[in-house]
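Going by my numbering, the first residue of the sequence shown is number 290, and it counts up by one from there. Everything on this sheet refers to the single structure shown next.
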Amino acid sequence: MQSVLQAALACVVGAVETTTDPSGVTFHRSSSTVRARLDDMGLDSMSAVPAGIRMEALTDASALILDVQLTEFLMLGATSSGSAFDLVLDGELRDPVTTTEQTLVVIDPVTWTMEHQPTGPATLRFDLGVSEVERRVEIWFPAGAMLKLLDVRINDGSSLRPAPTAGPLWVHHGSSISQCAEADRPTGTWPAIVARSAGRSLLNLALAGQSHLDQFTARTIRDLPATAISLELGLNVLSTDSMRERAFVSAFHGFLDTIRDGHPTTPIVIVTPIICPIAEHHPGPTPLGRDQQIRVIERPADLTAEALSLSRIRSLLHQHAAIRRKEGDTNLHTIDGLALFGPGDAGDLTDGLHPNASGYRRIAERFLPLAFGGDGPLR
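What follows is the structure, encoded as structure tokens:
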């Protein structure tokens with residue numbers, strides 16, 4: 290087998306940037322400038338989770354081998370099922386390849402102490418079958434673990450080069466609900482399902498816990514050649530209690546103003562929060578307990594002024610999107626999160642907040658016609 294790491298890096302799609310050290314390459318979904326300024330472990334780690342990132346290559350190889358270093362964050366008491374990689378061969382989705390060889394970082398959700406359980410690199414083999422011609426190969430990386438790519442190998446005498454793009458660029462930003470670490474495979478995240486069904490090339494900028502209407506995210510989206518943009522907003526603002534109403538409304542408009550500087554007429558869909566029963570009428574934060582369920586924190590009445598519940602956040606997003614449409618932004622649209630995952634779906638919440646794999650598939654089934662269907666704003 291021959292190493293084709295440099296050729297493989299040219300085939301990687303869905304990353305904002307890459308960083309290289311002597312051991313390998315990490316794909317990031319936020320910029321190094323932002324990570325250095327914020328110096329936040331949550332942003333650093335979620336940026337390095339390759340949700341939506343994949344290799345799209347043309348190759349005549351009969352096998353492709355990846356050497357990777359994986360790190361998964363796991364809450365105390367939870368169990369890991371490993372990290373799955375997906376192979377799409379000439380458009381056909383094959384069975385996932387899964388490894389349990391990964392470093393675990395076990396977090397106590399009450400004290401936030403961490404226990405590192407290190408392990409070595411993992412090697413994953415994708416059997417493509419013998420072929421005398423090039424075929425399109427996509428390798429989708431995990432949506433729930435940090436990844437460092439150490440090497441890529443193919444058969445001696447075979448070649449590997451970038452494949453044509455899968456379609457027009459769709460940029461999606463959101464919270465953990467759009468990163469979808471709970472999905473059972475990389476192509477099982479709801480944005481990946483939608484992108485593959487709609488014939489779009491996905492750039493998933495959903496960073497778990499990091500969707501706070503940040504200007505750095507807006508600037509990233511502004512500068513991308515997107516033909517369609519969707520923004521799942523509001524959940525992290527509640528889950529971390531990062532804003533009150535006055536700041537939230539201003540941040541929302543500033544976020545869209547920045548995106549519109551680079552995309553004055555590109556269709557944008559605002560997706561309001563999905564159901565979270567415990568926080569529908571109660572403000573955040575929503576910390577996770579050792580029972581693996583989220584909870585809310587009671588506060589004195591005099592500290593509740595302009596505190597945001599999910600129902601209020603939905604109302605504000607619809608209201609202020611309508612204000613912008615009235616001002617003339619006719620390419621700004623909203624999809625209510627409850628239409629994607631509502632009260633009748635709450636049984637598929639793993640912890641009271643995050644859907645399971647079945648729930649994410651249901652979100653995709655509902656989002657696809659609403660956004661990309663015949664009358665959909667992103668079609």
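Note that beta-carbon positions come from the ideal geometry of N, C-alpha and C, so glycine has one too.
Notebook entry, point to check: How long is the line joining the alpha carbons of Ala-540 and Asn-620, rounded to whole angstroms?
Noted result: For the pair Ala-540 and Asn-620, the Cα-to-Cα distance works out to about 20 Å.
Check: Which residues does DSSP pair with Arg-451 in a beta bridge?
Finding: Looking at the sequence itself, residue 451 is Pro, so the reference to Arg does not match. For Pro-451, the pairing in a beta bridge is given by DSSP as Ala-346.
Next item on the list: Look at Phe-430 and Val-394 and say whether their C-beta atoms are less than 7 Å apart.
Entry: No, the Cβ-Cβ distance between Phe-430 and Val-394 is not below 7 Å.
Check: What is the rounded straight-line gap between the Cα of Leu-597 and the Cα of Arg-489?
Finding: When rounded, the distance between both Cα atoms is 34 Å.
Check: Hey, would you say Leu-432 sits closer than 7 Å to Ala-470, going by beta carbons?
Finding: In the sequence under discussion, the amino acid at residue 432 is Ala, which differs from the Leu named in the question. Contact: yes.
Note to self: Please identify the residue among Leu-638, Asn-525, Ser-519 and His-607 whose C-alpha is closest to the C-alpha of Ile-250.
What the structure shows: Outside the modelled stretch of the chain, which goes from 290 to 668, sits residue 250, for which no answer is possible.
Next item on the list: Please go through the region 616-645 and give each complete beta strand (DSSP E) segment of 3 or more residues, from N-terminal end onward.
Entry: Annotation note: the region 616-645 contains the following uninterrupted beta strand (DSSP E) runs of length 3 or greater, listed N- to C-terminal: 621-624.
Margin query: What residue range does the beta strand (DSSP E) around Asn-493 cover?
Written below: Going by DSSP, Asn-493 is part of the beta strand (DSSP E) stretching over 490-493.
Note to self: List, from N- to C-terminal side, the beta strand (DSSP E) runs of 3 residues or more that fit wholly inside the region 498-560.
What the structure shows: If we require 3 residues or more, the beta strand (DSSP E) runs fully inside the region 498-560 come out as 517-521 and 557-560.
Margin query: Across the region 642-660 and the region 459-473, are there enough close Cβ pairs to call them in contact, namely three or more that are closer than 8 Å?
Written below: A contact exists between the region 642-660 and the region 459-473.
Note to self: Out of Arg-318, Val-422 and Thr-322, which one is the CA nearest neighbour of Ile-510?
What the structure shows: Measuring C-alpha to C-alpha distances from Ile-510 to each of Arg-318, Val-422 and Thr-322 identifies Arg-318 as the nearest.
Next item on the list: Let me know the beta strand (DSSP E) ranges lying completely inside the region 419-466, each 3 residues or longer, listed in chain order.
Entry: Here the runs fully enclosed are 424-429, 435-443, 449-451 and 458-462.
Notebook entry, point to check: If you check the beta carbons only, do Leu-599 and Leu-527 fall under 7 Å apart?
Noted result: Contact annotation: Leu-599 and Leu-527 have beta-carbon atoms nearer than 7 Å.
Note to self: In whole angstroms, give me the CA-to-CA distance for Ala-628 and Val-293.
What the structure shows: Cα-Cα distance, rounded: 45 Å.
Item checked: Residue span of the alpha helix (DSSP H) that contains Val-323, given as start and end -> First-last of the alpha helix (DSSP H) with Val-323: 321-327.
Next item on the list: Please list the segments of the beta strand (DSSP E) lying wholly inside the region 355-422, counting only runs of 3 or more residues, in order along the chain.
Entry: DSSP runs (the beta strand (DSSP E)) wholly in the region 355-422: 372-378, 386-388, 392-396, 403-406 and 411-416.
Item checked: Ile-354 to Ile-548 span [Cα, whole Å] -> Going by C-alpha positions, Ile-354 is about 39 Å away from Ile-548.
Check: So, helix, strand or coil for Ala-487, using DSSP?
Finding: Look at Ala-487 here: in three-state DSSP terms it is helix.
Next item on the list: Give the straight-line distance between the Cα atoms of Asp-591 and His-607, rounded to the nearest whole angstrom.
Entry: Asp-591 and His-607: Cα-Cα distance of roughly 27 Å.
Next item on the list: For the alpha helix (DSSP H) holding Gly-331, just list the boundary residues, first then last.
Entry: For Gly-331, the enclosing alpha helix (DSSP H) covers residues 330-336.
Check: Within the chosen definition, does the region 299-309 reach the region 341-354 through at least 3 CB pairs nearer than 8 Å?
Finding: Contact holds: three or more Cβ-Cβ distances are below 8 Å.
Check: By Cβ distance, which residues of its chain are closer than 6 Å to Pro-566, with the 5 residues on each side in sequence left out?
Finding: Exclusion of the five residues before and after Pro-566 leaves Ala-635 as the residues of its chain whose Cβ lies within less than 6 Å of its Cβ.
Checklist line | Bridge partner(s) assigned by DSSP for Thr-308 | finding: Its beta-bridge partners are Thr-315.
Note to self: By the three-class DSSP mapping on this structure, what secondary structure does Ala-594 have?
What the structure shows: Ala-594 falls in the coil class under three-state DSSP.
Margin query: In this structure, how does DSSP classify Ala-470 when only helix, strand and coil are distinguished?
Written below: Three-state DSSP puts Ala-470 in coil, outside helix and strand.
Check: To which residues does DSSP link Ile-583 through a beta bridge?
Finding: The partner list for Ile-583 (beta bridge, DSSP) reads Leu-577.
Next item on the list: Starting from Leu-667, follow the alpha helix (DSSP H) in both directions and report where the run begins and ends.
Entry: Boundaries for Leu-667: no alpha helix (DSSP H) harbours it, and the DSSP string shows neither H nor E there.
Next item on the list: Within 10 angstroms of the Cβ of Pro-553, are there 16 or more other Cβ atoms? Answer buried if so, exposed if not.
Entry: With fewer than 16 other CB atoms across the displayed protein chains lying within 10 angstroms of its CB, Pro-553 is exposed.
Check: Would the region 439-453 and the region 385-402 be scored as touching if the rule is three or more Cβ pairs under 8 Å?
Finding: Per the Cβ contact rule, the region 439-453 is not in contact with the region 385-402 (fewer than 3 Cβ pairs under 8 Å).
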